[in-house]
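Chemist: Residue numbers for the sequence shown follow our numbering, so the first one is 2 and each next one is one higher.
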Amino acid sequence: MYDFLSKNPFGFLATVSPEGPRVRPFMFQFEDQGCPLFCLSNDKEVFRQLKEDPRCEVAFCLPRLVGDAAD
2 MYDFLSKNPF
12 GFLATVSPEG
22 PRVRPFMFQF
32 EDQGCPLFCL
42 SNDKEVFRQL
52 KEDPRCEVAF
62 CLPRLVGDAA
72 D
C-alpha cells in the first residue's frame, strides 16, 4: 500500500458534517510505524469535522488516465 501511495499521493478524503458528507482533495504525506499519515491544520473545517466525528474514507487513484471519450 505504501508503495502505491508514494507513487500516487493525491486522493480524496471524505468526512461527515452536520450538513452532510464533505469530500476534498488530499495528499498522502508519509508513513510512520505502518500508519499512513495525512497533515492538516487544526484551524481547518476538516480538522473540526474529524474531531466531532472521526468516521472518514480516503480514495486514491492514478494521477492521470488517458483514453478516448465515446458516445
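We treat Cβ as the ideally placed atom computed from N, Cα and C, and that holds for glycine.
As the structure is a prediction and not an experimental result, all values here were calculated from the model.
Would you report the Cα separation of E46 and E58, rounded to the nearest angstrom?
Modeler: Each residue's Cα considered, the two are about 16 Å apart.
Chemist: Does the distance from the C-beta atom of R56 to that of V17 stay below 7 Å?
Modeler: Cβ distance < 7 Å, so R56 and V17 count as in contact.
Chemist: Assign L6 to one of three DSSP states: helix, strand, or coil.
Modeler: Helix, per DSSP.
Chemist: Expressed to the nearest angstrom, what Euclidean distance is found between the alpha-carbon atoms of G35 and F27?
Modeler: The straight-line gap from Cα to Cα measures roughly 19 Å.
Chemist: Residue range of the beta strand (DSSP E) that R23 falls in?
Modeler: Note, R23: beta strand (DSSP E), G21 to M28.
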